[in-house]
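Trainee: Chains A and B are the protein sequences, given in the same order.
Taking our numbering, the leading residue of the first sequence gets 5, the next gets one more, and so forth.
Taking our numbering, the leading residue of the second sequence gets 56, the next gets one more, and so forth.
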Amino acid sequence: MRSEVLLIIPAYNEEASIVDVVDSVVSRYSEYDYVVVNDGSRDQTKELCCKRGYRMIDYPVNLGLAGAFQGGIKYAAIKGYDYAIQIDADGQHNPRYIANLLDSAKRGQYDIIVGSRFVNEKKPWTPRMLGSRLIAACIRLTTQMKISDPTSGMRLYNRRMIEILANQINYGPEPDTLAFLIRCGARVGEVQVFMEERMAGESYLTFAKSIKYMVRMCMSILVVQWFRKKV
Amino acid sequence: MSLVLRIMLIVASVLTGFYIRQKLKKSQMQIEDVLFWLFFAFALIFMSVFPEAVEWFTDLLGVQSPVNFVFLVVIFLVIIRCFGLSVKVSLLEAKLNGMIEDMAVERAILAEEKEKEKS
Chain A
5 MRSEVLLIIP AYNEEASIVD VVDSVVSRYS EYDYVVVNDG SRDQTKELCC KRGYRMIDYP
65 VNLGLAGAFQ GGIKYAAIKG YDYAIQIDAD GQHNPRYIAN LLDSAKRGQY DIIVGSRFVN
125 EKKPWTPRML GSRLIAACIR LTTQMKISDP TSGMRLYNRR MIEILANQIN YGPEPDTLAF
185 LIRCGARVGE VQVFMEERMA GESYLTFAKS IKYMVRMCMS ILVVQWFRKK V
Chain B
56 MSLVLRIMLI VASVLTGFYI RQKLKKSQMQ IEDVLFWLFF AFALIFMSVF PEAVEWFTDL
116 LGVQSPVNFV FLVVIFLVII RCFGLSVKVS LLEAKLNGMI EDMAVERAIL AEEKEKEKS
């Protein structure tokens, strides 16, 4: 029988961790369907997935996280899944929290559930979390909603959101999309999760990129949103 | 406007015209894109053939010298073009990404169906 949830696993050069992540889903969480989106990796990611027979959407070129995520969402939309959740291929997101997220989405009739590290836990004062606080402040200012972990990539979307995300441009899996969807009337909830350190590979965010990311997010949330067409 | 500048503008427009003709002949450009450059070349020719018109506008806008007005017009046209190109590139990227996504998703679904038939 087909599952009602699709795990979207975007993978760009993740040969070191992809097998562990997908194998753990296949062996221990077989109640969920998954799809790997190979975003034009230049390492062995694609070969590994083919060899092990993983379900994979394969891009010939690199589109970036937004493109990889949207491909997974399109797949979910076509195949008729009720929920889709993003699980990073670096092993940071533990699939054991999916049940909690799903449960809370159903009970509270939420459109989006964010797997947050800071519902019950205190947010540390590291430079990275300073960025997170700033984005949270921007979201609170424009939507009056308190999102404790806006940069968490582990987000669960329901059918209504899947259909929006699949067919529009400018709906990447980032905090500005979250903020805009709240302004469009989406109900967003948060569930406590604990994230692992990355298994392998290097973080995508260098210092210069972090600054660029922060500026882009803040500008998008504070300014650009007011001109966007609501869905 | 000095005679030299006027001659230069005319030469530049004529060269632009030839270049456009070349591109059109080799079918390397769409007509919509050619129209802008034709207009651009005409504007340059107009300004060099009728410097009185340029001087009239210069006085009207309070610009210091006619040549500054010529620069202003050129910069303005170039900025408009730049903006148009930015929009175009954005759209192209969105379309290209969408196509790659659709193609890959379709392939994945086809592969799955094939596998189902086999088993």
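Just so you know, even glycine gets a beta-carbon here, dropped at the ideal spot from N, CA and C.
This one's a predicted model, so the numbers in the text were calculated from it and none came from an experiment.
Might you give, ordered along the chain, the residues of its own chain that have their beta carbon closer than 6 angstroms to the beta carbon of A/Ser45, omitting 5 neighbours on each side?
Mentor: As a first step, residue 45 of chain A is located in the first sequence; it is residue number 41 there, counting from the start. Tyr16, Asn17.
Trainee: DSSP three-state label for A/Pro154, please.
Mentor: As a working mapping, residue 154 of chain A is identified with position 150 in the first sequence. A/Pro154: coil per DSSP, three-state reduction.
Trainee: Measuring CA to CA, which of A/Asn104, A/Gln113, A/Ser120 is closest to A/Gly189?
Mentor: Looking up residue 189 of chain A in the first sequence gives position 185. Cα-wise, what sits closest to A/Gly189 is A/Gln113.
Trainee: Counting along the chain, where does the beta strand (DSSP E) carrying A/Met60 start and finish?
Mentor: As a first step, residue 60 of chain A is located in the first sequence; it is residue number 56 there, counting from the start. Its beta strand (DSSP E) spans residues 60-63.
Trainee: Can you give the Cα-Cα distance for A/Arg144 and A/Leu138, rounded to whole angstroms?
Mentor: On the first sequence, position 140 is the one that residue 144 of chain A refers to. On the first sequence, position 134 is the one that residue 138 of chain A refers to. Roughly 10 angstroms separates the two Cα atoms.
Trainee: Is any beta-carbon of chain A found at less than 9 angstroms from that of B/Ala98?
Mentor: Stepping through the second sequence from its first residue, residue 98 of chain B is reached at position 43. False, the Cβ-Cβ gap to chain A never drops below 9 angstroms.
Trainee: Consult DSSP for A/Pro177 and reduce its assignment to one of helix, strand or coil.
Mentor: Position 173 of the first sequence, counted from the first residue, corresponds to residue 177 of chain A. Of the three classes helix, strand and coil, the one that applies to A/Pro177 here is coil, per DSSP.
Trainee: Could you confirm whether any beta carbon from chain A is found closer than 9 angstroms to the beta carbon of B/Asn123?
Mentor: Counting from 1 along the second sequence, the entry for residue 123 of chain B is found at position 68. Chain A, which has no Cβ nearer than 9 angstroms to the Cβ of B/Asn123, makes this no.
Trainee: Residues of chain A with CB closer than 8 angstroms to the CB of B/Met160, please, in chain order.
Mentor: Here residue 160 of chain B refers to the residue found at position 105 of the second sequence. Residue identity check: residue 160 of chain B is Val in the sequence provided, not Met. Ordered by position in chain A, the residues that pass the 8 angstroms Cβ test against B/Val160 are Ile61, Gly75, Lys78, Tyr79, Ile82.
Trainee: Would DSSP call A/Ile91 helix, strand or coil?
Mentor: The residue given as residue 91 of chain A occupies position 87 in the first sequence. A/Ile91: coil per DSSP, three-state reduction.
Trainee: Would you give the residue range spanned by the alpha helix (DSSP H) that A/Gly119 belongs to?
Mentor: In the first sequence, counting from the first residue as 1, residue 119 of chain A sits at position 115. Not the alpha helix (DSSP H): A/Gly119 falls in the beta strand (DSSP E), residues 116-120.
Trainee: Given B/Pro121, which residues of its chain have a CB within under 8 angstroms of its CB, disregarding the five upstream and five downstream residues?
Mentor: Counting from 1 along the second sequence, the entry for residue 121 of chain B is found at position 66. Once the five neighbours on either side are set aside, the close Cβ partners of B/Pro121 are Met56, Pro106, Val109, Glu110, Thr113.
Trainee: Given a cut-off of 9 angstroms on the beta-carbon distance, is the pair A/Val25 and A/Asp94 in contact?
Mentor: What you label residue 25 of chain A is simply residue 21 of the first sequence in a count that begins at 1. What you label residue 94 of chain A is simply residue 90 of the first sequence in a count that begins at 1. Closer than 9 angstroms, so yes.
Trainee: Determine whether the Cβ of A/Ile12 lies closer than 9 angstroms to any Cβ atom of chain B.
Mentor: As a position in the first sequence, residue 12 of chain A is number 8, starting the count at 1. No, because no Cβ of chain B sits closer than 9 angstroms to the Cβ of A/Ile12.
Trainee: Buried or exposed: where does B/Cys137 fall if 16 or more other Cβ atoms within 10 Å of its Cβ makes it buried?
Mentor: Mapped onto the second sequence, residue 137 of chain B falls at position 82. B/Cys137 should be labelled exposed.
Trainee: With 16 as the cutoff for other CB atoms within 10 Å, does A/Tyr58 come out buried or exposed?
Mentor: Sequence index remark: in the first sequence, residue 58 of chain A carries index 54 (1-based). With 16 or more Cβ atoms within 10 Å of its Cβ, A/Tyr58 is classed as buried.
Trainee: Among B/Trp92, B/Val59, B/Met84, B/Lys81, which has the Cα closest to the Cα of B/Leu70?
Mentor: As a first step, residue 70 of chain B is located in the second sequence; it is residue number 15 there, counting from the start. Answer by Cα proximity: B/Trp92.
Trainee: Less than 9 angstroms between the beta carbons of A/Gly75 and A/Leu67, yes or no?
Mentor: Locating residue 75 of chain A in the first sequence gives position 71, counting from the first residue. Locating residue 67 of chain A in the first sequence gives position 63, counting from the first residue. In contact: A/Gly75 and A/Leu67 (Cβ atoms closer than 9 angstroms).
Trainee: Would you please state the rounded distance, in angstroms, between the beta carbons of A/Ser108 and A/Ser152? I believe it to be under 8 angstroms.
Mentor: If you number the first sequence from 1, residue 108 of chain A lands on position 104. If you number the first sequence from 1, residue 152 of chain A lands on position 148. With 8 angstroms as the limit, A/Ser108 and A/Ser152 do not qualify as a contact, their Cβ atoms being about 14 angstroms apart.
Trainee: Can you pull the chain A residues whose beta carbon is under 8 angstroms from the beta carbon of B/Glu167, in chain order?
Mentor: Along the second sequence, read from residue 1 onward, the residue named residue 167 of chain B stands at position 112. Arg59, listed in chain order.
Trainee: In the DSSP assignment, what are the bridge partners of A/Val41?
Mentor: By one-based count along the first sequence, residue 41 of chain A stands at place 37. Answer is A/Pro14, A/Ile61, bridged to A/Val41.
Trainee: Given a cut-off of 9 angstroms, decide if A/Lys78 and B/Glu156 are closer than it, judged by their beta-carbon atoms.
Mentor: Here residue 156 of chain B corresponds to residue number 101 of the second sequence, with the count starting at 1. Here residue 78 of chain A corresponds to residue number 74 of the first sequence, with the count starting at 1. Yes, the pair counts as a contact, with Cβ atoms nearer than the cut-off.
Trainee: Within a Cβ cutoff of 6 angstroms, which residues of the same chain sit near A/Cys222, ignoring the five residues on either side of it in sequence?
Mentor: Here residue 222 of chain A refers to the residue found at position 218 when the first sequence is read from its first residue. Here the set comprises Cys142.
Trainee: Please list the terminal residues of the continuous alpha helix (DSSP H) segment that includes A/Val195.
Mentor: As a first step, residue 195 of chain A is located in the first sequence; it is residue number 191 there, counting from the start. Per DSSP, A/Val195 belongs to no alpha helix (DSSP H); it is in the beta strand (DSSP E), 192-196.
Trainee: State the Cα-Cα distance for the pair B/Lys169 and B/Ala159, rounded to the nearest angstrom.
Mentor: The residue given as residue 169 of chain B occupies position 114 in the second sequence. The residue given as residue 159 of chain B occupies position 104 in the second sequence. The alpha-carbon atoms of B/Lys169 and B/Ala159 are separated by roughly 15 angstroms.
Trainee: Pairing CB atoms from the region 161-172 of chain A with CB atoms from the region 84-94 of chain A, are three or more of them under 8 angstroms?
Mentor: Yes: the two stretches touch, three or more of their Cβ pairs being nearer than 8 angstroms.
Trainee: Mind listing the chain E neighbours of B/Asp114? Cutoff is C-beta to C-beta under 7 angstroms, in chain order.
Mentor: As a matter of chain content, chain E is missing from the structure shown, whose protein chains are A and B.
Trainee: Check whether the Cβ atoms of A/Met158 and A/Val197 sit closer than 9 angstroms, and answer yes or no.
Mentor: Counting from 1 along the first sequence, the entry for residue 158 of chain A is found at position 154. Counting from 1 along the first sequence, the entry for residue 197 of chain A is found at position 193. In this structure, A/Val197 lies closer than 9 angstroms to A/Met158 by Cβ.
Trainee: Note down, in chain order, all residues in the region 131-157 of chain B with a beta-carbon under 8 angstroms from any beta-carbon belonging to chain A.
Mentor: Within the region 131-157 of chain B, the residues whose Cβ lies closer than 8 angstroms to some Cβ of chain A are Ala149, Asn152, Gly153, Ile155, Glu156, Asp157, listed in chain order.
Trainee: For A/Thr155 versus A/Pro179, is the C-beta spacing smaller than 9 angstroms?
Mentor: Locating residue 155 of chain A in the first sequence gives position 151, where the first residue counts as 1. Locating residue 179 of chain A in the first sequence gives position 175, where the first residue counts as 1. A contact, by the Cβ cut-off of 9 angstroms.
Trainee: For the region 164-198 of chain A, which residues have a beta carbon sitting closer than 8 angstroms to at least one beta carbon of chain B?
Mentor: Answer in chain order: Ile173.
Trainee: Answer yes or no: do A/Leu185 and A/Val235 have a C-beta to C-beta separation smaller than 9 angstroms?
Mentor: Residue numbering aside, residue 185 of chain A sits at position 181 when the first sequence is read from its first letter. Residue numbering aside, residue 235 of chain A sits at position 231 when the first sequence is read from its first letter. Going by C-beta atoms, A/Leu185 is nearer than 9 angstroms to A/Val235.
Trainee: Within 9 angstroms of any Cβ in chain B, is that where the Cβ of A/Val65 sits?
Mentor: Translated into the one-based positions of the first sequence, residue 65 of chain A becomes position 61. Yes - at least one Cβ of chain B is within 9 angstroms of the one on A/Val65.
Trainee: Report, in whole angstroms, the separation of the C-beta atoms of B/Leu64 and B/Ser103, which I expect to be a contact under 8 angstroms.
Mentor: Counting from 1 along the second sequence, the entry for residue 64 of chain B is found at position 9. Counting from 1 along the second sequence, the entry for residue 103 of chain B is found at position 48. B/Leu64 to B/Ser103, Cβ: 4 angstroms. Contact.
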